[in-house]
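Numbering-wise (the numbering used here), the sequence shown opens with residue 71 and increments by one. All C-beta atoms, glycine included, are put in the ideal place defined by N, C-alpha and C. Bear in mind the structure is a predicted one, so any value in this text is a computation, not a measurement.
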Amino acid sequence: MPSHAEIRVADGLQIQLIADQDQVPDCTNVTVDARGTIYASGPGYLRAFVQSDREDSLSLVSELIGRPKRGAHGLFCDGDDLYFVGDGGVWKMTDSDGDGLPDSEPIRVLAIKTGGEHDAHALRKGPDGYFYLIAGNGTKGMFELQNDPQSTIPNPRAGAIWRISPDWSEREVWAHGFRNAFDFDFADDHSIVTFDSDGERDVSLPWYRPTRVYRVKRGDDAGWVSRSWKRPNCDAEMPSVLAEFGRGSPTGVLRSPAQRLPSRLDRGTFVLDWTFGKVLFVGDDRQTEPVAWATGNSGFAVTDIAATPDGKLLVSVGGRGSRGSLYQIDATDPRSKQKQDLKWPAKPKVIAASALKQAIVDLRRQAKRELSLVAAQRAITALQNPESTRRDQLDAATLLIESVGGLGPGDPRDPRGSQQVAAVFDGYRSVVRPNLPKPLIERATIALLKRLKQSSGDLEFANEMIRAIAVLEPESLPAFKAVAASMEHESRPTEQLHRLIALARLPVPRDDEMTHQITTAMVKIPIELEASGAHVDRNWTPRLVELMLALHRRDVLMPGRLVARSDYGHPTHLVWTGAMDPEELERTRIKLLRSPSGPPTHPDLARFIALGNDAVPRPIIRKWLSDSSTRSAGQLALCRYPVSSDANELIRASRSVDPVLRKAAEKALKRIGVEPPPRESANESTLKWLADTDDVLALNGDSERGKVLFRERNCATCHNGSTALGPSLEGVAKRFQPPDLWRATVDPSHTIPDRYRAKIVLTEDGEIIFGLKIYESVDGMTLMNAQGKTVRINAVDIVEKRDAEKSLMPDGLLLGLTKQQAADLMSYVSEL
């Protein structure tokens with residue numbers, strides 16, 4: 071667990087660790103009642119604590135219940151009642167004996183979907199006396215619970231904030247369109263502040279949206295339409311964006327108590343980022359400040375935040391099986407200012423929407439979506455009006471898009487063809503085929519091109535004009551030329567890609583110059599993106615493959631022209647090979663092998679060649695085998711056409727942690743008549759215990775003595791079910807026969823499940839970090855080491871990372887034990 075020195079705080083603040091893993095394992099949620107009693111939860115527990123005589127520790131008051139299974143979300147105190155979210159619903163516990171602690175059996179007041187990371191989360195009671203519940207985009211089935219006939223959102227979508235009557239009978243979707251906002255709190259103007267997650271798998275794609283702190287009003291739509299379309303901040307229905315933080319995993323949100331802490335932290339909201347281990351402050355004036363953060367590789371996986379009655383902050387740490395703890399943040403020189411009660415007006419002032427915005431809302435909320443000629447004409451008029459504001463022009467472009475069906479996932483039955491309704495076009499293609507009169511489309515295109523020409527460096531504005539052009543799909547050569555020129559003048563690769571996707575929507579016959587413009591962009595974009603230091607995630611390749619297929623449909627010569635280019639062949643260009651036919655793939659491999667600079671030594675290019683059907687020349691294979699970075703590619707090449715002299719190398723390959731290589735090597739060995747030998751341990755102690763298998767299993771073990779050994783050997787540290795380090799051993803005897811369970815105990819590296827295979831990371835500082843992966847993204851990796859400490863390594867600090875061949879579980883677990891003691895330990899484990 072990080073020491074106080076490893077967690078930094080802002081000026082005027084101090085931090086203390088007040089509870090650790092033994093008290094709050096894998097802590098997911100924390101709240102405080104009016105008396106100062108602290109309630110904390112993680113998988114399988116809900117506990118109450120009070121401050122002990124020592125300021126840096128807590129005393130357990132009550133083990134309230136042994137649930138929820140995956141830990142509570144939405145812990146919330148309402149007088150003597152305690153609410154939590156988990157185990158398939160919202161639950162209420164009451165104080166039945168008047169001792170100040172909830173002690174009744176939990177009563178489910180609302181059945182909802184819980185347990186998943188994108189399910190129901192936080193619960194609070196608003197100043198209006200209603201309950202508010204936030205849920206991620208995994209709870210679409212909840213929308214049938216809505217029964218308020220006056221709801222402003224009759225057809226909700228994605229994640230939502232719910233408003234529920236005090237008796238839980240009336241339920242309204244208050245705002246929607248979130249991806250996975252985990253928590254929220256109330257501002258003092260009848261709005262809600264929340265922190266929504268980003269499109270993490272879409273990093274560097276044009277529709278990527280960062281983590282955003284919103285100020286949300288009733289009826290707002292946060293823009294999460296599909297996995298490949300998230301509306302921009304300028305959309306007419308978007309909540310006000312207070313801050314953007316790029317990549318991250320938003321968790322806790324707390325409106326400032328406005329007491330005790332430095333006055334600069336009075337008017338605003340604290341938000342938590344689990345991935346990067348940060349507590350951040352977002353002021354109402356949109357100024358941001360880090361409040362607490364980990365230094366070096368220290369893990370600080372923050373999950374929730376609460377305030378004590380006197381204004382101190384409590385921060386819980388845990389999540390995904392990581393080490394749990396509670397921290398307290400206080401002022402170094404506390405103020406005495408008292409917290410002000412939050413009052414909402416009975417009837418908040420409603421600002422009427424502009425005519426264009428109202429038209430957008432009306433079109434989006436029609437139960438039956440239809441084309442709207444009137445809306446299109448109104449949009450064109452606004453675009454043509456020289457007096458219209460920037461806001462009006464953006465809304466006009468959006469209204470034009472809505473008039474032809476709006477954006478979102480395409481229908482595979484669409485007559486435009488499967489390539490043209492792929493996910494890459496969710497933000498560039500109307501859901502239904504545009505059916506406006508051709509003269510109207512021509513008028514709209516001319517108006518949009520004029521506005522695009524006048525964009526004058528306003529990137530957001532230009533992007534939306536280009537998007538609207540793409541959606542209309544005009545047969546317009548001027549439109550193609552304008553977008554292509556914009557692409558060539560744009561230096562940012564993600565913005566170039568935005569324009570390339572738009573070009574793929576335009577049904578304009580291609581000539582040689584247009585094909586050259588397209589292939590030039592396809593060569594440049596991946597290289598320049600890598601050179602910029604930007605990352606890509608798992609959606610990068612499938613979306614670009616879809617793009618290439620669509621471009622090919624528009625231009626049958628394009629793939630051949632791309633492969634023939636002299637500047638084609640960079641490792642980043644492999645993204646396009648997923649859409650190539652076998653002939654183009656083979657031409658690419660031959661081109662790489664015949665490169666004037668020699669056969670490729672980049673690992674990705676070598677692997678691409680090795681996975682081909684043709685034999686790789688043996689001199690090249692030998693060169694690859696001599697370099698650790700390309701060794702696996704050389705082994706894969708051997709697997710294609712193996713000979714008997716390859717046996718030793720193939721045996722090494724059959725023990726690889728790479729499943730593709732391992733399976734290929736096993737098949738290659740069988741083809742040359744060699745049976746892959748079983749893995750043998752080189753540890754003398756392990757070999758001795760394996761030799762004694764029959765003796766140990768024949769003994770009658772004493773499970774009580776084994777329980778003591780289990781504790782003394784620290785087995786529970788990894789196998790207690792509350793950490794990610796090792797699997798729970800509950801019911802293990804039902805899953806494994808005694809010899810297999812014994813082998814797993816004395817030789818844990820013999821067979822390692824992928825879920826528990828450790829990672830080895832080499833950092834820029836020369837440090838080697840060995841641990842189990844808890845979380846990985848393009849920005850870095852969070853591990854838990856063998857000591858149960860959470861470690862965070864940023865991507866920029868990683869020199870190399872690979873799967874470990876050895877288990878985190880030590881080989882010498884039984885060192886110094888007798889056979890009888892080993893039998894005792896096995897007896898206890900078998901009874902779990």
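From residue i to residue j, what distance separates their C-alpha atoms?
i	j	result
Val341	Val323	5 Å
Ala540	Leu477	11 Å
Asp637	Leu573	22 Å
Lys287	Ile536	29 Å
Asp683	Ile839	What sits at residue 683 in the sequence shown is Asn, not Asp. In a straight line, the C-alpha of Asn683 is about 38 Å away from that of Ile839.
Asp582	Pro629	13 Å
Ser310	His586	42 Å
Thr222	Ser239	18 Å
Tyr397	Gln86	6 Å
Thr888	Asp762	11 Å
Arg741	Glu653	28 Å
Val730	Asp237	56 Å
Val816	Leu884	7 Å
Ala262	Ser773	Here the sequence assigns Ile to residue 262, which means Ala is not the residue at that position. Rounded to the nearest angstrom, the two C-alpha atoms are 55 Å apart.
Gly170	Asp150	7 Å
Gly82	Pro320	25 Å
Arg434	Glu472	7 Å
Pro415	His260	With a pLDDT of 49 at Pro415, under the threshold of 50, the modelled position of this residue cannot be trusted; read the value that follows with caution. Rounded to the nearest angstrom, the two C-alpha atoms are 8 Å apart.
Pro482	Pro504	16 Å
Ser755	Asn718	27 Å
Trp363	Thr459	42 Å
Pro809	Gly269	46 Å
Glu782	Ala676	49 Å
Phe256	Arg227	22 Å
Ser702	Ala723	8 Å
Arg140	Ala680	44 Å
Following the continuous alpha helix (DSSP H) through residue i, name the residue where it begins and the one where it ends.
i	result
Cys97	First-last for Cys97: undefined, no H or E at that position.
Tyr898	889-901
Ala449	443-454
Asp764	763-768
Trp277	Careful: Trp277 lies outside any alpha helix (DSSP H) and carries neither H nor E.
Ile516	508-523
His559	547-559
Ala532	529-542
Arg460	460-473
Spatial neighbours of residue i within its chain, please: C-beta separation below 8 Å, excluding the five flanking residues on both sides.
i	result
Ala532	Leu522, Ser525, Ser556
Glu534	Pro302, Cys304, Leu464, Ala467, Thr468
Ala245	Ile223, Ala230, Ile231, Ile262, Val286, Lys287, Arg288, Gly289, Asp290, Asp291, Ala292, Pro309
Considering just the uninterrupted stretch of the beta strand (DSSP E) at residue i, what are its terminal residues?
i	result
Asn855	850-855
Pro360	358-364
Phe840	838-847
Phe248	241-248
Glu870	868-873
Cys147	143-148
Thr833	828-833
Trp294	294-296
Which residues in the same chain have their Cβ closer than 7 Å to the Cβ of residue i, if we skip the five residues on either side of it in sequence?
i	result
Thr101	Tyr109, Leu145, Phe146, Cys147, Ala376
Ala734	Leu706, Cys709
His672	Pro641
Gln890	Leu769
Val869	Leu832, Thr833, Glu834
Would the beta-carbon of residue i fall within 9 Å of that of residue j?
i	j	result
Pro596	Ala493	no
Ile660	Leu621	no
Gly394	Gly112	yes
Thr564	Ser274	yes
Pro849	Thr339	What sits at residue 849 in the sequence shown is Asp, not Pro. In this structure, Thr339 does not lie closer than 9 Å to Asp849 by Cβ.
Give me, in chain order, the residues of the same chain whose beta-carbon lies closer than 6 Å to that of residue i; leave out the 5 immediate sequence neighbours on both sides.
i	result
Val420	The predicted position of Val420 is uncertain, since its pLDDT is 49 and thus under 50; no value can be drawn from it.
Gly704	Ile691, Trp694, Leu695
Ser561	none
Arg872	Ile830
Could you tell me whether the Cβ of residue i comes closer than 9 Å to any Cβ of chain B?
i	result
Val385	Looking for chain B here will not work: only one protein chain is present.
Report the residue ranges of all beta strand (DSSP E) runs contained in full by the segment 308-351; include only those spanning at least 3 residues, in chain order.
Whole beta strand (DSSP E) segments, 3+ residues: 310-314, 320-325, 338-343.
My parser needs the alpha helix (DSSP H) runs of 4 or more residues fully inside the segment 577-634; what are they?
Taking only runs of at least 4 residues, the alpha helix (DSSP H) segments lying wholly in the segment 577-634 are 582-601, 610-624, 628-634.
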